[in-house]
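S.K.:
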Amino acid sequence: MLELNTVLLIIAVVLLLPLYMTGQTLLLAAKDQLNNSKNKSDLNKGLGVLLLLMFFSQQVSAQATDAAAPAAAATTTGFDIYTWLLILVIVVEVFLIGLFSRLTSNFFRAAYTPVNEAGVAEKSWFSQVWDKMNRFKPLEEEGSVDTGHNYDGIRELDNITPPWFTAGFLLTILFAIVYLWRYHVSESAPLQVQEYEMEIARAEIEDAARLSSQANKVDENSVVMLGPSDIEQGKKIFGEKCAPCHMAHGGSMTGGVGPNLTDDYWINGGSLKEIFTTIKYGRPDKGMISWKDQLSPMQMAQAASFVKSIKGSNPPGAKEPQGDLYVEETTTATAPDTVNVNK
Amino acid sequence: MGLEKFYYDNKIPKLFAIACIFWGVVGMLLGVIAAFQLAFPVFNFSEYFPHLAFGRLRPVHTNAVIFAFVGNGIFTAVYYSLPRLLKTPMWNNTLSKIHFWGWQFIIVCAAVTLLMGFTTGKEYAELEWPIDLLITLIWVVFGVNMFGTILTRRERHLYVAIWFFIASWVTVAMLHIVNSMEIPVSFMKSYSMYAGVQDALVQWWYGHNAVAFFLTTPYLGLMYYFLPKAAGRPVYSYRLSIVHFWSLIFLYIWAGPHHLLYTALPDWAQSLGTVFSIMLILPSWGGMLNGLFTLRGAWDKVREDPVLKFFVVAVTAYGMSTFEGPMMSLKNVNAISHYSDWTVAHVHIGALGWNGFLTFGMMYWLIPRLFSTKLHSVKLASTHFWIGTLGIILYAIPMYWSAFRSYFMMKAFTPEGQLQYQFIDVVQTVVPFYIIRAIGGTIYLAGVIIMVYNLIKTAKAGTFLAKEEAEAAPLVKEYRAPANSFWHSIIERKPLLLLTLSLVVVGIGGLVELIPTFLVKENIPTISSVKPYTPLELQGRDIYIREGCYNCHSQMIRPFRYEVKRYGEYSKAGEFVYDHPFQWGSKRTGPDLARIGGKYGDSWHFNHMLDPTSMAPGSIMPPYPSLFEKDIDKGSTNSKIHAMRKLGVPYPEGYEAIANDDLDKQARGIADGLKENKIEIMADKEIIAIIAYLQRLGKDIKLEGQKK
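Sequence order for the protein chains is E and W. Start counting the first sequence at 0; every next residue gets the next number (numbering that gives the first Met the number 0). Start counting the second sequence at 0; every next residue gets the next number (numbering that gives the first Met the number 0).
1) Note down, in chain order, all residues in the region 178-207 of chain E with a beta-carbon under 8 angstroms from any beta-carbon belonging to chain W.
2) Check whether the Cβ of N158 (chain E) lies closer than 8 angstroms to any Cβ atom in chain W.
3) Can at least three beta-carbon pairs, one atom from the region 261-271 of chain E and one from the region 572-592 of chain W, be found at a separation below 8 angstroms?
4) How is the beta strand (DSSP E) around P183 (chain W) delimited, first residue to last?
5) Contact criterion: CB-CB distance below 8 angstroms. Does I230 (chain E) meet it with respect to chain W?
6) Chain E partners of V234 (chain W), CB-CB under 8 angstroms?
7) Quick one: list the residues of chain E neighbouring A615 (chain W), beta-carbon separation under 7 angstroms, in chain order.
8) Measuring straight from C-alpha to C-alpha, what distance separates Y549 (chain W) and S625 (chain W)?
9) So with CB distances below 8 angstroms, who are the chain W contacts of P283 (chain E)?
10) Can you tell me the Cα-Cα spacing of R152 (chain W) and N71 (chain W), whole angstroms?
11) Between R209 (chain E) and G416 (chain W), what straight-line distance do the alpha-carbon atoms span, to the nearest angstrom?
12) Is there a C-beta anywhere in chain E that falls below 8 angstroms from the one on Y569 (chain W)?
13) Could you have a look at D323 (chain E) and say whether DSSP puts it in helix, strand or coil?
14) Comparing alpha-carbon positions, which option in W:D266, W:I544, W:F104, W:S528 lies nearest P515 (chain W)?
15) If you draw a straight line from the C-alpha of V505 (chain W) to the C-alpha of F275 (chain W), how long is it?
16) For N158 (chain E), which residues in the same chain have their Cβ closer than 7 angstroms to its Cβ, ignoring the five residues on either side in sequence?
17) Check whether the Cβ atoms of E239 (chain E) and K279 (chain E) lie closer than 8 angstroms to each other.
18) By alpha-carbon positions, which one of W:L389, W:H50, W:F163 ends up nearest to G440 (chain W)?
19) Can you check whether the CB of I280 (chain W) is closer than 8 angstroms to the CB of T315 (chain W)?
20) Could you give the distance in angstroms between the alpha-carbon of R479 (chain W) and the alpha-carbon of T170 (chain W)?
21) What are the partner residues of W265 (chain E), as DSSP defines its beta bridges?
22) Taking the straight line between their C-alpha atoms, what separation do you get for L83 (chain E) and M681 (chain W)?
23) Relative to the alpha-carbon of H148 (chain E), which residue among W:S501, W:S488, W:L513 has its alpha-carbon at the smallest distance?
24) Closer than 7 angstroms by C-beta to L94 (chain W): which residues in its own chain qualify, once you throw out the five before and the five after it? Chain order, please.
25) Report, in whole angstroms, the separation of the C-beta atoms of E125 (chain W) and S189 (chain W), which I expect to be a contact under 8 angstroms.
26) Going by other Cβ atoms of all chains shown within 10 Å of its Cβ, with 16 needed for buried, is K707 (chain W) buried or exposed?
27) In chain E, what lies closer than 9 angstroms to L288 (chain W) by C-beta?
28) Is it the case that the Cβ atoms of T362 (chain W) and G290 (chain W) are separated by a distance below 8 angstroms?
29) For Y599 (chain W), which of helix, strand or coil comes out of DSSP?
30) Using the C-alpha atoms, what's the distance from I386 (chain W) back to L28 (chain W)?
31) Output the distance between the C-alpha atoms of S228 (chain E) and R282 (chain E), rounded to the nearest integer angstrom.
32) Looking only at its chain, what residues have a beta carbon closer than 6 angstroms to the beta carbon of A67 (chain E), apart from the 5 residues adjacent to it on each side?
33) Return yes when the Cβ of G233 (chain E) is within less than 8 angstroms of the Cβ of C244 (chain E), no when it is not.
34) When you compare the region 547-567 of chain W with the region 406-423 of chain W, are there three or more beta-carbon pairs, one atom per stretch, that lie closer than 8 angstroms?
35) Indicate whether the contact test is met: 3 or more Cβ pairs, each with one atom in the region 426-433 of chain W and one in the region 366-384 of chain W, closer than 8 angstroms.
36) Alpha carbon to alpha carbon, how far is E2 (chain E) from G272 (chain W)? Give it in angstroms, no decimals.
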């Protein structure tokens with residue numbers, strides 16, 4: 000079954016061809032005109048704009064491909080942001096095709112403007128359609144719809160409302176009925192909480208698949224001290240996420256928010272497992288936030304290993320000790336480097 | 000029957016025009032400053048003047064532009080066009096003067112009190128109760144004067160511009176009164192009568208329709224007078240006027256809930272907001288079509304005349320934003336646009352394009368006529384037009400861009416299933432866009448300055464025409480409509496009928512949405528663990544409101560995976576039952592705070608308020624050192640608790656007397672805790688109260704979870 004986004008994508012790509020062709024035609028017509036023209040400066044200006052538009056159309060095709068990649072990758076069905084993007088791209092393409100054709104015909108018209116017998120230039124195709132769409136009365140016949148109202152010199156005509164206006168209005172009313180019907184009567188469209196539950200269910204399936212990958216299985220029971228390149232990664236994470244409270248060197252400062260992590264005193268325990276637990280779940284009562292939604296298990300293990308590695312580094316201006324003295328039970332075995340595996 | 004001679008007064012329109020331009024410059028200047036504050040926090044100057052921080056300045060900007068700039072623009076148009084359309088002078092010149100000076104007095108009061116931190120905390124309705132009363136009074140003066148004029152008219156039928164003026168007047172009165180229901184705690188402090196979800200619904204019913212009936216319908220009236228005048232063309236379609244007038248005012252009022260999609264507002268109300276917004280597209284476009292089609296046969300003039308150029312862009316901007324608005328009311332689009340810069344871009348297309356350009360066009364047409372001369376420089380007016388257009392483009396595009404970028408960043412997950420970006424990463428990404436936006440705003444303002452110069456030169460070159468003579472026959476008592484006249488002309492002959500029908504038509508939507516939300520209990524399921532704020536938290540909450548934190552921080556987590564991961568469990572309706580007023584916010588320049596309680600320690604908040612960048616490098620939040628110096632206003636605790644109980648918050652009888660003891664105890668606890676972290680602060684400082692409030696947010700429902 001074809002997905003909506005795929006269909007839109009195909010349309011967007013197919014439209015690139017006429018876009019390219021109309022653009023090329025326009026360019027040729029413009030060049031042709033340039034060769035014949037006496038007033039070259041004006042046309043040069045026109046060409047500048049034209050080239051800009053051509054460039055723009057290329058941008059659009061680039062965008063189309065940009066939007067296409069994730070759209071194709073998206074596994075979910077239905078209307079999402081890529082649908083909107085694709086629709087936008089298609090609208091822009093159609094607009095440009097129309098514009099290019101119109102400009103091309105303008106160039107031709109400049110060469111041989113068809114003049115009717117009265118000597119008046121004929122109306123363009125566009126304005127003819129526009130007049131029809133709105134069922135415009137010719138200006139000369141305006142008198143027949145004059146209401147005779149005159150307010151401080153303002154007269155009022157009584158032209159009919161444009162037919163597309165009425166149709167459009169009825170269409171939006173129909174939309175409203177269908178919308179309310181689907182959400183609240185037939186209940187065939189999900190309300191916000193159902194929508195959320197569906198989203199979470201999808202994410203849980205993905206989570207389960209992910210957790211089966213080896214490196215991320217690490218938790219507070221299985222965490223081990225990691226090697227130097229992992230510690231280097233941990234240092235980077237620490238600098239980004241932890242430094243505001245603990246300073247980049249981990250020693251915090253007098254009056255600082257977090258405790259000193261370089262001394263032998265620990266509020267929530269100083270073993271690797273305890274540090275990992277503190278990072279993972281946080282200690283909300285003590286002001287330490289939980290990181291499990293922002294760091295992966297592997298990243299938390301790296302950060303915990305970094306914290307272990309700075310013990311005794313004694314940075315200048317570090318905070319005074321807090322909590323209880325922690326004595327290392329046994330020397331922790333160092334696990335093999337996982338950074339490369341992890342990538 | 001003899002013709003009667005009378006005079007149109009030009010003094011009042013002139014005064015309103017001057018006020019409009021003056022406040023316009025002030026309001027836009029404040030907007031530019033606020034824009035630079037978001038790009039460069041140093042412009043908050045909050046270390047020296049807490050009054051100028053973004054949270055207090057932004058409401059002054061919005062109120063100045065809406066009620067001072069556009070408000071005076073409306074009154075200029077009404078006081079100039081109404082007498083001419085009705086062939087009679089304004090009914091009572093004293094009332095006109097009271098209206099003018101009263102409105103300017105309100106504006107000055109508003110600016111001063113908002114900067115001082117007196118605010119109700121409800122967007123576009125921030126003014127405190129004494130000013131609300133004053134507004135009501137002056138609005139009535141305006142209404143009496145307008146109806147006095149209408150009832151003493153020499154023109155039998157009311158022109159479409161006047162329909163819009165009447166409907167706007169009556170609807171604004173209704174919105175203002177219902178939304179301003181508040182219980183005074185003291186002079187310049189009150190609590191909203193409504194709480195939480197109900198307060199949110201009333202507020203956005205008001206907020207959306209302030210846009211509709213203050214920024215849109217009166218300006219449609221303005222357009223219907225000045226556009227055909229300037230173009231010298233008849234209005235395109237009388238029946239289109241009728242169709243779009245009635246459908247517009249009927250449908251508009253329903254659309255308020257589209258500001259609350261994916262919030263804790265009941266689903267049915269959200270859906271009504273969506274579908275009525277969609278149905279609004281064509282009725283809104285009716286005004287644009289009637290405006291643009293009126294220019295048929297005058298497009299050659301548009302190329303030359305700056306007045307018409309401004310009108311064309313204004314009407315086009317109106318068409319664009321009235322299409323964009325309904326699109327943003329679709330749930331899946333709103334998921335992107337809500338809380339983002341998209342909304343900001345959208346309102347500025349309306350404000351800069353529609354209101355701004357329509358006002359400028361009117362001024363370029365009106366001032367030369369008031370001074371019986373020609374415009375000083377058509378060329379400068381054209382320059383203004385191009386500069387203004389450029390300003391709008393430079394304003395809007397970066398905001399759209401920023402909205403999309405931040406949306407993609409906010410919802411990005413790493414392959415490990417973690418959020419890819421922290422909030423601060425998003426902030427840093429959008430700051431460059433804020434810089435371009437600020438430049439766009441500056442350019443737009445520069446155009447306005449050019450206009451001021453041009454108009455002053457024009458006025459100086461001419462002589463002011465204080466009175467204009469006119470003559471017309473009085474209305475005869477016995478009138479028989481021609482046999483073939485259209486039924487609607489009956490309404491046009493009976494202004495009070497028109498007034499009543501308008502009120503009925505706008506009343507329906509409000510009643511259908513508000514009454515069930517207030518009466519049907521299922522709409523707001525109660526949560527037993529949700530308890531009233533402690534006295535200290537309540538004081539902290541009032542500081543939060545005073546500093547305008549809601550201008551950048553929401554307290555409403557939407558049910559999306561990426562929001563729940565970032566901020567915690569999505570917000571439930573029952574959590575807000577003691578929130579008078581609600582503080583859901585409408586824009587996330589900073590992160591959501593609905594569940595900030597317990598996320599960080601007290602010392603984190605302490606340091607963060609003193610210097611936000613110390614805890615969140617790259618933050619654009621201004622520092623709040625004044626909170627560390629000012630004492631908690633304990634003298635108000637008694638009356639605050641009393642007012643809250645009157646509103647139904649279950650504080651025990653007589654709790655007022657001992658509330659401050661509880662307050663002191665909780666404050667000491669926080670101060671002692673900070674002391675353990677080597678932070679010395681007295682327990683009676685405001686920072687303690689705001690920490691207490693922030694640490695409470697969103698916690699009640701976690702307790703619920705633990706019980707299970």
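Think of the CB as a built atom: it goes at the ideal place given N, C-alpha and C, for glycine as much as any other residue.
M.R.: On the basis of the supplied data:
1) Residues of the region 178-207 of chain E with a C-beta less than 8 angstroms from any C-beta of chain W: Y178, L179, Y182, H183, L190, Q191, V192, E194, Y195, E198, I199, A202, E205, D206, listed in chain order.
2) True, the Cβ-Cβ gap to chain W drops below 8 angstroms.
3) No contact exists between the region 261-271 of chain E and the region 572-592 of chain W.
4) Element bounds for P183 (chain W): 181-185.
5) At a cut-off of 8 angstroms between beta carbons, I230 (chain E) makes no contact with chain W.
6) Among the residues of chain E, those whose CB is under 8 angstroms from the CB of V234 (chain W) are I153, R154, E155, L156, following chain order.
7) Simply P243.
8) Computed Cα separation, rounded: 18 angstroms.
9) Those are G597, K598, listed as they occur along chain W.
10) Answer to the nearest angstrom: the Cα atoms are 24 angstroms apart.
11) Answer to the nearest angstrom: the Cα atoms are 8 angstroms apart.
12) Judged by the 8 angstroms Cβ criterion, Y569 (chain W) is in contact with chain E.
13) Assigned with DSSP and collapsed to three states, D323 (chain E) falls in strand.
14) Taking the Cα of P515 (chain W) as reference, the smallest distance to any Cα among W:D266, W:I544, W:F104, W:S528 is reached at W:D266.
15) Whole-angstrom Cα-Cα distance: 13 angstroms.
16) Only K136, V144 meet the Cβ criterion.
17) Against a cut-off of 8 angstroms, the Cβ pair of K279 (chain E) and E239 (chain E) comes out as no contact.
18) Proximity to G440 (chain W) across W:L389, W:H50, W:F163 peaks at W:L389, based on C-alpha coordinates.
19) In this structure, I280 (chain W) does not lie closer than 8 angstroms to T315 (chain W) by Cβ.
20) Straight-line Cα distance between these residues: approximately 32 angstroms.
21) DSSP output for W265 (chain E) lists E:D323 as bridge partner(s).
22) Per the sequence shown, residue 83 (chain E) should be read as Trp rather than Leu. Each residue's alpha carbon lies about 55 angstroms from the other.
23) The shortest Cα separation from H148 (chain E) among W:S501, W:S488, W:L513 belongs to W:S488.
24) Closer than 7 angstroms at the Cβ level, and outside the excluded window around L94 (chain W), lie V140, V143, N144.
25) Cβ-Cβ separation between E125 (chain W) and S189 (chain W): approximately 11 angstroms, too far for a contact (criterion under 8 angstroms).
26) In this prediction, K707 (chain W) has a pLDDT of 37, which is less than 50 and means its spatial position is unreliable; nothing more can be read from the coordinates.
27) Under the 9 angstroms cutoff, chain E gives N133, T160, P161, F164.
28) Residue 362 (chain W) is actually Met in this sequence, not Thr. Cβ distance not < 8 angstroms, so M362 (chain W) and G290 (chain W) don't count as in contact.
29) For Y599 (chain W), the three-state secondary structure derived from DSSP is coil.
30) For L28 (chain W) and I386 (chain W), the gap between their C-alpha atoms comes out near 16 angstroms.
31) Just so you know, the alpha carbons of S228 (chain E) and R282 (chain E) end up roughly 28 angstroms apart.
32) Confidence at A67 (chain E) is low in this model, with a pLDDT of 49, below 50, so its placement is unreliable and the value that follows should be read with caution. For A67 (chain E), the CB contacts under 6 angstroms within the same chain, skipping 5 residues up- and downstream, are L8 in chain order.
33) Judged by beta-carbon spacing, G233 (chain E) lies beyond the 8 angstroms limit of C244 (chain E), meaning their Cβ atoms are not closer than that value.
34) Touching, yes, given that three or more Cβ pairs across the two stretches are closer than 8 angstroms.
35) The region 426-433 of chain W is not in contact with the region 366-384 of chain W.
36) Between G272 (chain W) and E2 (chain E), the alpha-carbon positions lie close to 29 angstroms from each other.
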